[in-house]
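Enquirer:
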Amino acid sequence: MPRSVIGMRKNNRGFTLIEILIVLVIIGITFGFALISFGDFGESRRILFAAEQLLNTLRLAQQQAILETSTLGLRINNDSYQILQLQNNSQWKPISNKGVYKITYFPENTHITLKTHHRTPAGMPSIILTSSGDMTPFTLHFGSDNEHNVALIVGKSNGSLKFNVVHSK
Numbered sequence: 001m002p003r004s005v006i007g008m009r010k011n012n013r014g015f016t017l018i019e020i021l022i023v024l025v026i027i028g029i030t031f032g033f034a035l036i037s038f039g040d041f042g043e044s045r046r047i048l049f050a051a052e053q054l055l056n057t058l059r060l061a062q063q064q065a066i067l068e069t070s071t072l073g074l075r076i077n078n079d080s081y082q083i084l085q086l087q088n089n090s091q092w093k094p095i096s097n098k099g100v101y102k103i104t105y106f107p108e109n110t111h112i113t114l115k116t117h118h119r120t121p122a123g124m125p126s127i128i129l130t131s132s133g134d135m136t137p138f139t140l141h142f143g144s145d146n147e148h149n150v151a152l153i154v155g156k157s158n159g160s161l162k163f164n165v166v167h168s169k
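What the sequence shown shows, in UniProt numbering, is residues 1 to 169, in sequence order.
1) Report the rounded CA-to-CA distance for L17 versus I29, giving the unit in angstroms.
2) Closer than 6 Å by C-beta to F15: which residues in its own chain qualify, once you throw out the five before and the five after it? Chain order, please.
3) When you compare each of I66, E108, N109 and I27 to G133 by their alpha carbons, which one comes out closest?
4) Determine the extent of the beta strand (DSSP E) in which F163 is found, giving its start and end residues.
5) Tell me the rounded alpha-carbon separation between L58 and L74.
6) Return helix, strand or coil for I36, following the three-state DSSP convention.
7) Please confirm if the stretch 137-154 is in contact with the stretch 43-57, defined as three or more CB-CB distances below 8 Å between the two stretches.
8) Taking just the CA atoms, how far does L24 sit from S96?
9) Do Q62 and L140 have their CB atoms nearer than 7 Å?
10) Give me, in chain order, the residues of the same chain whose beta-carbon lies closer than 6 Å to that of F163; leave out the 5 immediate sequence neighbours on both sides.
11) Among all the DSSP beta bridges, which residues are the ones paired with F142?
12) Helix, strand or coil for residue 188? Go by DSSP, reduced to three states.
13) As a quick exercise: from A151, T113 and S160, pick the residue whose alpha carbon is nearest that of A60.
14) In this structure, how does DSSP classify Q63 when only helix, strand and coil are distinguished?
15) Kindly list the residues whose CB is nearer than 8 Å to the CB of Q53, restricted to its own chain and excluding five residues on each side of it in sequence; keep chain order.
16) Output the boundary residues of the beta strand (DSSP E) element that contains G14.
17) Would you say N78 and I112 are within 7 Å of each other, going by their C-beta atoms?
18) Spatial neighbours of L86 within its chain, please: CB distance less than 8 Å, with the 5 preceding and 5 following residues excluded, ordered by chain position.
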């Protein structure tokens, strides 16, 4: 049998391109099924990011309420949240329809559970931020269809905010 320059037989060339591509396709299909079976496609991560974004918006609103000596409020439901400002005529109005204080929507399948010491009429802010730095005490749970507890925000009456990651995949 003829040998090449490096001493190998000519019929021992290794795998063909087709064989390598077939193996890669099989690995890709297997990985895809595993991801569908075990993954939540980043749902928990999106909810966690939304919770952190809300926390940062609350902190910014606290600072603005103190600096402008105004009363601000957070209107929140399962779909969205928005910062409102108390006007001189005792009406709550959105601060802005663009920028940081625009209405912000939560990711799909997000479940919000807000616990405060009082009931809030529809359309009114659930959490009040005063110019002295105080706020309505609350506990806010973030979850989804697959995970009931993803994140937790706790606000105390003295204005302190605490963020906990309950479970993250």
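Beta carbons: idealized from backbone N, C-alpha and C, even for Gly.
Expert: Reading from the atomic positions:
1) The straight-line gap from Cα to Cα measures roughly 18 Å.
2) So the list is empty, once near-sequence residues are dropped.
3) I66
4) L161 to V165 is the span of the beta strand (DSSP E), which, as asked, contains F163.
5) 8 Å
6) helix
7) yes
8) 51 Å
9) no
10) Short of 6 Å from the beta carbon of F163, and not among the five residues preceding or following it, lie these beta carbons of its own chain, in chain order: L55 and I153.
11) I112 and A151
12) Only positions 1 to 169 of the chain appear in the structure, and residue 188 is not among them; the question remains open.
13) In the sequence under discussion, the amino acid at residue 60 is Leu, which differs from the Ala named in the question. Cα-wise, what sits closest to L60 is S160.
14) helix
15) T104
16) Unbroken run through G14: none, as it is neither H nor E.
17) yes
18) S70, T71, L72, G73 and W92
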